[in-house]
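The block underneath contains the structure these notes are about, expressed in C-alpha coordinates.
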Amino acid sequence: MSTVGDILSLVQQNTIRYGYPFLLVLGNIGNVLCIVVFLQKNYRQSFSSWYLLTAAVFSIVGVSWGIGTNMYAVYQPPDPFIMSDALCRIRGYLLQTSSVLTRTMIILACAGRVAASSNQVRIRQLNQPRVIVKIIAATTLFWMIISIQLPIFQRIEMNRCATFGVFGLWFSAYQIFLFGLVFPSLMIILSILILKNLKNIRGSVRPQEQADNTQRHQLLSRRDMNLLKLTFAEVISCFVLSFLYPINALYGVIASNVPNKSKERIQIEGFMTFFAQVFLLYLNYCITFYLYVIISKPFRQEIKRVIFRVLKRPERNDNTTIPLRSIQKQRTDLTQP
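The sequence shown begins at 8 in our numbering and counts up one residue at a time.
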(Lines of atoms letter the chains of each structure in order from A and count residues from 1; the text may use other names and numbers.)
(Lines give C-alpha, C1' and ligand atoms only; values in the text may rest on other atoms or scores of the structure.)
Protein backbone atom coordinates (compact mmCIF):
# COMPACT_ATOMS: atom_id res chain seq x y z
CA MET A 1 0.00 0.00 0.00
CA SER A 2 1.33 3.41 -0.99
CA THR A 3 2.12 5.86 1.79
CA VAL A 4 1.64 9.63 1.73
CA GLY A 5 5.35 10.02 1.09
CA ASP A 6 5.22 7.68 -1.92
CA ILE A 7 2.26 9.60 -3.38
CA LEU A 8 4.00 12.96 -2.93
CA SER A 9 7.17 11.63 -4.51
CA LEU A 10 5.13 10.43 -7.49
CA VAL A 11 3.42 13.83 -7.77
CA GLN A 12 6.82 15.52 -7.72
CA GLN A 13 8.21 13.26 -10.44
CA ASN A 14 5.15 13.72 -12.68
CA THR A 15 5.24 17.49 -12.17
CA ILE A 16 8.83 17.56 -13.37
CA ARG A 17 8.13 15.15 -16.23
CA TYR A 18 4.90 16.68 -17.57
CA GLY A 19 4.45 20.09 -15.92
CA TYR A 20 7.95 21.46 -16.36
CA PRO A 21 7.98 21.28 -20.20
CA PHE A 22 4.75 23.30 -20.18
CA LEU A 23 6.27 25.92 -17.85
CA LEU A 24 9.52 26.01 -19.81
CA VAL A 25 7.80 26.79 -23.12
CA LEU A 26 5.21 29.25 -21.80
CA GLY A 27 7.70 30.92 -19.46
CA ASN A 28 10.33 31.56 -22.10
CA ILE A 29 7.79 32.70 -24.70
CA GLY A 30 6.24 35.08 -22.17
CA ASN A 31 9.55 36.55 -21.04
CA VAL A 32 10.77 37.01 -24.62
CA LEU A 33 7.54 38.85 -25.46
CA CYS A 34 8.01 41.02 -22.36
CA ILE A 35 11.47 41.98 -23.60
CA VAL A 36 10.12 42.75 -27.08
CA VAL A 37 7.35 44.97 -25.67
CA PHE A 38 9.63 46.85 -23.28
CA LEU A 39 11.97 47.58 -26.20
CA GLN A 40 9.17 49.41 -28.03
CA LYS A 41 9.25 53.20 -28.11
CA ASN A 42 6.21 53.66 -25.86
CA TYR A 43 7.91 51.78 -23.02
CA ARG A 44 11.50 52.87 -23.66
CA GLN A 45 10.44 56.44 -22.89
CA SER A 46 9.53 55.34 -19.36
CA PHE A 47 13.03 54.53 -18.19
CA SER A 48 11.86 52.58 -15.14
CA SER A 49 10.64 49.89 -17.54
CA TRP A 50 14.32 49.05 -18.14
CA TYR A 51 14.33 47.36 -14.75
CA LEU A 52 11.36 45.17 -15.73
CA LEU A 53 13.10 44.35 -19.01
CA THR A 54 16.23 43.26 -17.11
CA ALA A 55 14.08 41.20 -14.72
CA ALA A 56 12.63 39.37 -17.73
CA VAL A 57 16.16 38.57 -18.96
CA PHE A 58 17.14 37.04 -15.61
CA SER A 59 13.81 35.18 -15.52
CA ILE A 60 14.77 33.48 -18.79
CA VAL A 61 18.05 32.39 -17.18
CA GLY A 62 16.20 31.04 -14.14
CA VAL A 63 13.56 29.21 -16.18
CA SER A 64 15.93 27.74 -18.75
CA TRP A 65 18.67 26.65 -16.37
CA GLY A 66 16.45 25.61 -13.47
CA ILE A 67 13.68 23.75 -15.28
CA GLY A 68 15.95 22.53 -18.05
CA THR A 69 18.38 20.81 -15.69
CA ASN A 70 15.54 19.19 -13.72
CA MET A 71 14.00 17.86 -16.93
CA TYR A 72 17.35 16.51 -18.10
CA ALA A 73 17.78 14.63 -14.82
CA VAL A 74 14.34 13.01 -15.22
CA TYR A 75 14.51 12.19 -18.94
CA GLN A 76 18.21 11.26 -19.05
CA PRO A 77 19.13 9.60 -15.73
CA PRO A 78 21.39 9.47 -13.82
CA ASP A 79 21.31 13.10 -12.70
CA PRO A 80 24.71 14.62 -13.61
CA PHE A 81 24.16 17.45 -11.11
CA ILE A 82 24.41 15.05 -8.18
CA MET A 83 27.43 13.29 -9.66
CA SER A 84 29.68 16.24 -10.50
CA ASP A 85 30.63 18.87 -7.93
CA ALA A 86 31.39 21.35 -10.73
CA LEU A 87 27.93 21.02 -12.30
CA CYS A 88 26.32 21.11 -8.86
CA ARG A 89 28.05 24.39 -8.02
CA ILE A 90 27.48 26.03 -11.41
CA ARG A 91 23.79 25.21 -11.28
CA GLY A 92 23.40 26.52 -7.73
CA TYR A 93 25.29 29.72 -8.54
CA LEU A 94 23.23 30.54 -11.64
CA LEU A 95 19.92 29.81 -9.92
CA GLN A 96 20.83 31.86 -6.85
CA THR A 97 22.10 34.80 -8.92
CA SER A 98 19.11 34.88 -11.28
CA SER A 99 16.70 34.60 -8.34
CA VAL A 100 18.09 37.52 -6.33
CA LEU A 101 18.61 39.67 -9.43
CA THR A 102 15.04 39.16 -10.65
CA ARG A 103 13.67 40.32 -7.30
CA THR A 104 16.18 43.16 -7.06
CA MET A 105 15.11 44.48 -10.46
CA ILE A 106 11.48 44.47 -9.32
CA ILE A 107 12.51 46.46 -6.24
CA LEU A 108 14.48 48.88 -8.42
CA ALA A 109 11.43 49.26 -10.69
CA CYS A 110 9.47 50.31 -7.60
CA ALA A 111 12.27 52.72 -6.66
CA GLY A 112 12.17 54.12 -10.19
CA ARG A 113 8.45 54.79 -9.86
CA VAL A 114 9.12 56.52 -6.54
CA ALA A 115 11.74 58.72 -8.21
CA ALA A 116 9.51 59.50 -11.19
CA SER A 117 6.63 60.58 -8.95
CA SER A 118 8.76 62.60 -6.51
CA ASN A 119 8.40 66.40 -6.32
CA GLN A 120 12.15 66.77 -5.69
CA VAL A 121 14.32 67.36 -8.76
CA ARG A 122 17.38 65.55 -7.36
CA ILE A 123 15.37 62.40 -6.75
CA ARG A 124 13.78 62.53 -10.21
CA GLN A 125 17.27 62.70 -11.72
CA LEU A 126 17.85 59.14 -10.48
CA ASN A 127 15.38 58.08 -13.17
CA GLN A 128 17.64 59.18 -16.03
CA PRO A 129 18.90 56.59 -18.57
CA ARG A 130 22.59 56.96 -17.72
CA VAL A 131 21.92 56.54 -14.00
CA ILE A 132 19.64 53.53 -14.54
CA VAL A 133 22.23 51.72 -16.67
CA LYS A 134 24.87 52.27 -13.98
CA ILE A 135 22.50 51.02 -11.26
CA ILE A 136 21.64 47.87 -13.22
CA ALA A 137 25.32 47.14 -13.94
CA ALA A 138 26.43 47.78 -10.35
CA THR A 139 23.59 45.70 -8.89
CA THR A 140 24.31 42.79 -11.21
CA LEU A 141 28.01 42.84 -10.34
CA PHE A 142 27.22 43.10 -6.61
CA TRP A 143 24.99 40.01 -6.53
CA MET A 144 27.33 38.03 -8.77
CA ILE A 145 30.11 38.63 -6.23
CA ILE A 146 27.95 37.99 -3.15
CA SER A 147 26.59 34.73 -4.59
CA ILE A 148 30.09 33.28 -5.05
CA GLN A 149 29.83 32.00 -1.47
CA LEU A 150 27.39 29.32 -2.64
CA PRO A 151 29.60 27.45 -5.15
CA ILE A 152 32.53 27.66 -2.75
CA PHE A 153 30.76 25.66 -0.03
CA GLN A 154 28.11 23.73 -1.96
CA ARG A 155 28.83 20.04 -2.41
CA ILE A 156 27.24 16.65 -2.99
CA GLU A 157 26.34 14.43 -0.03
CA MET A 158 23.91 11.51 0.07
CA ASN A 159 22.87 12.16 -3.55
CA ARG A 160 22.01 15.77 -2.71
CA CYS A 161 23.57 18.91 -4.14
CA ALA A 162 23.24 21.34 -1.23
CA THR A 163 24.99 23.17 1.58
CA PHE A 164 25.78 21.28 4.78
CA GLY A 165 27.19 21.85 8.24
CA VAL A 166 27.83 25.31 9.66
CA PHE A 167 27.66 27.00 6.28
CA GLY A 168 24.38 25.23 5.58
CA LEU A 169 22.88 26.83 8.70
CA TRP A 170 24.36 30.22 7.80
CA PHE A 171 23.10 30.06 4.21
CA SER A 172 19.60 29.06 5.35
CA ALA A 173 19.55 32.02 7.76
CA TYR A 174 20.81 34.25 4.94
CA GLN A 175 18.02 33.07 2.62
CA ILE A 176 15.38 33.56 5.32
CA PHE A 177 16.63 37.08 6.03
CA LEU A 178 16.89 38.03 2.35
CA PHE A 179 13.74 36.47 0.88
CA GLY A 180 11.62 36.57 4.02
CA LEU A 181 12.43 40.03 5.36
CA VAL A 182 14.54 42.33 3.16
CA PHE A 183 12.91 41.86 -0.24
CA PRO A 184 9.25 41.85 0.95
CA SER A 185 9.86 44.83 3.27
CA LEU A 186 11.45 46.90 0.50
CA MET A 187 8.63 46.07 -1.91
CA ILE A 188 5.97 47.09 0.62
CA ILE A 189 7.75 50.30 1.68
CA LEU A 190 8.39 51.44 -1.90
CA SER A 191 4.82 50.64 -2.94
CA ILE A 192 3.53 52.81 -0.08
CA LEU A 193 5.87 55.64 -1.13
CA ILE A 194 4.62 55.43 -4.72
CA LEU A 195 1.00 55.75 -3.64
CA LYS A 196 1.90 58.62 -1.32
CA ASN A 197 3.73 60.50 -4.08
CA LEU A 198 0.85 60.02 -6.52
CA LYS A 199 -1.58 61.34 -3.94
CA ASN A 200 0.61 64.42 -3.40
CA ILE A 201 0.85 65.04 -7.15
CA ARG A 202 -2.92 64.96 -7.59
CA GLY A 203 -3.42 67.27 -4.63
CA SER A 204 -0.80 69.79 -5.70
CA VAL A 205 -2.17 70.71 -9.15
CA ARG A 206 -3.20 74.38 -9.07
CA PRO A 207 -6.40 75.45 -10.88
CA GLN A 208 -4.64 78.08 -13.04
CA GLU A 209 -2.03 75.55 -14.18
CA GLN A 210 -4.50 72.80 -14.85
CA ALA A 211 -5.98 74.34 -18.02
CA ASP A 212 -2.56 74.78 -19.65
CA ASN A 213 -1.16 71.38 -18.70
CA THR A 214 -4.22 69.12 -18.83
CA GLN A 215 -3.14 67.22 -21.94
CA ARG A 216 0.44 66.74 -20.69
CA HIS A 217 -0.67 65.53 -17.26
CA GLN A 218 -3.17 63.11 -18.82
CA LEU A 219 -0.48 61.65 -21.11
CA LEU A 220 2.03 61.23 -18.30
CA SER A 221 -0.65 59.83 -16.05
CA ARG A 222 -1.72 57.16 -18.54
CA ARG A 223 1.83 56.06 -19.27
CA ASP A 224 3.00 56.12 -15.67
CA MET A 225 -0.11 54.46 -14.28
CA ASN A 226 0.20 51.65 -16.82
CA LEU A 227 3.82 51.03 -15.83
CA LEU A 228 2.79 51.28 -12.20
CA LYS A 229 0.22 48.52 -12.75
CA LEU A 230 2.88 46.28 -14.23
CA THR A 231 5.24 46.98 -11.34
CA PHE A 232 2.57 46.25 -8.74
CA ALA A 233 1.70 43.02 -10.56
CA GLU A 234 5.34 41.94 -10.26
CA VAL A 235 5.42 42.86 -6.56
CA ILE A 236 2.22 40.97 -5.70
CA SER A 237 3.23 37.93 -7.75
CA CYS A 238 6.68 37.82 -6.19
CA PHE A 239 5.31 38.26 -2.68
CA VAL A 240 2.57 35.61 -2.97
CA LEU A 241 4.74 32.97 -4.63
CA SER A 242 7.74 33.53 -2.35
CA PHE A 243 6.23 33.70 1.13
CA LEU A 244 6.53 29.93 1.66
CA TYR A 245 10.23 30.00 0.78
CA PRO A 246 11.55 31.43 4.09
CA ILE A 247 9.03 29.39 6.10
CA ASN A 248 10.23 26.14 4.57
CA ALA A 249 13.87 27.22 4.89
CA LEU A 250 13.33 27.95 8.59
CA TYR A 251 11.69 24.55 9.05
CA GLY A 252 14.65 22.95 7.29
CA VAL A 253 17.06 24.57 9.75
CA ILE A 254 15.00 23.44 12.76
CA ALA A 255 14.48 19.90 11.46
CA SER A 256 18.04 19.39 10.21
CA ASN A 257 19.22 18.01 13.56
CA VAL A 258 16.34 15.58 14.05
CA PRO A 259 17.87 12.07 14.20
CA ASN A 260 16.53 8.88 12.66
CA LYS A 261 13.93 10.37 10.35
CA SER A 262 11.58 7.88 8.78
CA LYS A 263 11.52 7.37 5.02
CA GLU A 264 8.03 8.86 4.82
CA ARG A 265 9.06 12.01 6.69
CA ILE A 266 12.06 12.47 4.42
CA GLN A 267 9.78 12.13 1.38
CA ILE A 268 7.28 14.66 2.78
CA GLU A 269 10.03 17.15 3.62
CA GLY A 270 11.51 16.67 0.17
CA PHE A 271 8.16 17.46 -1.44
CA MET A 272 7.69 20.53 0.77
CA THR A 273 11.10 21.82 -0.28
CA PHE A 274 10.35 21.08 -3.93
CA PHE A 275 7.01 22.91 -3.82
CA ALA A 276 8.04 25.95 -1.76
CA GLN A 277 11.60 26.52 -2.94
CA VAL A 278 11.57 25.13 -6.47
CA PHE A 279 8.16 24.90 -8.16
CA LEU A 280 6.76 28.23 -6.90
CA LEU A 281 10.06 29.92 -7.72
CA TYR A 282 9.91 28.74 -11.33
CA LEU A 283 6.20 29.58 -11.54
CA ASN A 284 7.04 33.14 -10.52
CA TYR A 285 9.45 33.37 -13.45
CA CYS A 286 6.82 32.12 -15.90
CA ILE A 287 3.58 33.99 -15.18
CA THR A 288 4.74 37.62 -15.40
CA PHE A 289 3.83 38.14 -19.05
CA TYR A 290 0.38 36.63 -18.61
CA LEU A 291 -0.32 38.85 -15.60
CA TYR A 292 0.64 41.87 -17.71
CA VAL A 293 -1.75 40.77 -20.45
CA ILE A 294 -4.62 40.34 -17.98
CA ILE A 295 -4.30 43.63 -16.09
CA SER A 296 -2.99 46.10 -18.70
CA LYS A 297 -4.90 47.13 -21.83
CA PRO A 298 -1.96 49.21 -23.23
CA PHE A 299 0.29 46.16 -22.85
CA ARG A 300 -2.22 44.05 -24.79
CA GLN A 301 -2.39 46.70 -27.51
CA GLU A 302 1.40 46.77 -27.75
CA ILE A 303 1.45 42.98 -28.11
CA LYS A 304 -1.08 43.25 -30.95
CA ARG A 305 1.05 45.87 -32.69
CA VAL A 306 4.12 43.66 -32.41
CA ILE A 307 2.25 40.63 -33.78
CA PHE A 308 0.78 42.58 -36.71
CA ARG A 309 4.22 44.01 -37.46
CA VAL A 310 5.77 40.54 -37.50
CA LEU A 311 2.98 39.23 -39.74
CA LYS A 312 3.28 42.40 -41.87
CA ARG A 313 -0.45 43.03 -41.73
CA PRO A 314 -2.07 46.43 -41.17
CA GLU A 315 -3.34 46.82 -37.64
CA ARG A 316 -7.11 47.01 -37.38
CA ASN A 317 -8.34 50.16 -35.70
CA ASP A 318 -11.97 50.23 -34.68
CA ASN A 319 -11.72 53.81 -33.47
CA THR A 320 -10.89 55.45 -36.81
CA THR A 321 -11.68 59.17 -36.78
CA ILE A 322 -13.02 61.08 -39.80
CA PRO A 323 -11.91 64.70 -40.25
CA LEU A 324 -14.64 67.25 -39.62
CA ARG A 325 -13.95 69.04 -42.92
CA SER A 326 -14.64 65.86 -44.89
CA ILE A 327 -17.98 65.41 -43.15
CA GLN A 328 -18.96 69.02 -43.81
CA LYS A 329 -17.92 68.72 -47.48
CA GLN A 330 -20.04 65.59 -47.89
CA ARG A 331 -23.03 67.33 -46.34
CA THR A 332 -22.54 70.32 -48.69
CA ASP A 333 -22.39 68.06 -51.74
CA LEU A 334 -25.59 66.32 -50.67
CA THR A 335 -27.50 69.58 -50.21
CA GLN A 336 -26.45 71.00 -53.59
CA PRO A 337 -28.99 70.47 -56.43
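Virtual Cβ for every residue (Gly too), placed ideally from N, Cα, C. Only a predicted model underlies this, so the values are computations on that prediction, with no experimental measurement involved.
Count the other CB atoms, across all protein chains shown, that sit within 10 Å of the CB of ARG98; report buried if there are 16 or more and exposed otherwise.
-> buried
Range covered by the beta strand (DSSP E) that runs through ALA169 | 167 to 169
Outcome for GLU276 when other beta-carbon atoms lying within 10 angstroms are tallied against a minimum of 16 | buried
Within 10 angstroms of the Cβ of GLN161, are there 16 or more other Cβ atoms? Answer buried if so, exposed if not.
-> buried
Nearest neighbour of ASN35, chosen from SER53, ILE152 and GLY75 [CA to CA] = GLY75
Check whether the Cβ atoms of SER55 and ALA145 sit closer than 9 Å, and answer yes or no.
-> no
Beta-carbon separation (whole angstroms), GLN132 vs VAL138, contact threshold 8 Å | 7 Å
Starting from ILE310, trace the alpha helix (DSSP H) both ways and give me its first and last residue.
-> 304 to 318
Cα-Cα separation between GLN127 and THR147, rounded to whole angstroms | 27 Å
How about ILE114 and MET194: do their beta carbons lie closer than 9 Å?
-> yes
For the segment 241 to 255 against the segment 272 to 289, are there 3 or more C-beta pairs whose distance is under 8 Å?
-> yes
Any chance the segment 64 to 71 sits against the segment 36 to 55, with 3 or more Cβ pairs inside 8 Å?
-> yes
Looking at ILE201 and LEU235, is the spacing between their C-beta atoms short of 9 Å?
-> yes
Does the separation of the CB atoms of TYR79 and GLU309 fall below 9 Å?
-> no
Any non-hydrogen atom of the ligand GDP within 8 Å of VAL265 CB | What this structure holds is no ligand at all, so the ligand GDP is not there to describe.
Compute the distance between the beta-carbons of ALA63 and LEU108, then report whether it is under 9 Å.
-> no
Delimiting residues of the alpha helix (DSSP H) encompassing ARG129 = 128 to 131
Excluding the five sequence neighbours on either side, which residues of its own chain have a C-beta within less than 8 Å of the C-beta of GLN47, listed in chain order?
-> GLU309, ARG312 and VAL313
Find out if the Cβ-Cβ distance for the pair PHE171, PRO253 is shorter than 9 Å.
-> no
Give a yes or no on whether the C-beta atoms belonging to ILE155 and TYR100 are separated by under 9 Å.
-> yes
Residue from PHE239, TYR27, ILE89 and ALA256 with nearest C-alpha to SER303 | PHE239
Leaving out the 5 sequence neighbours to the left and right, which residues in its chain are closer than 8 Å to TRP150 when beta-carbon positions are compared?
-> THR104, VAL107, LEU108 and THR111
Can you say whether LEU15 is buried or exposed, counting buried as having 16 or more other CB atoms within 10 angstroms of its CB?
-> buried
Looking at C-alpha atoms only, which residue of VAL189, PRO158, LEU94 and GLY73 is the closest neighbour of LEU30?
-> GLY73
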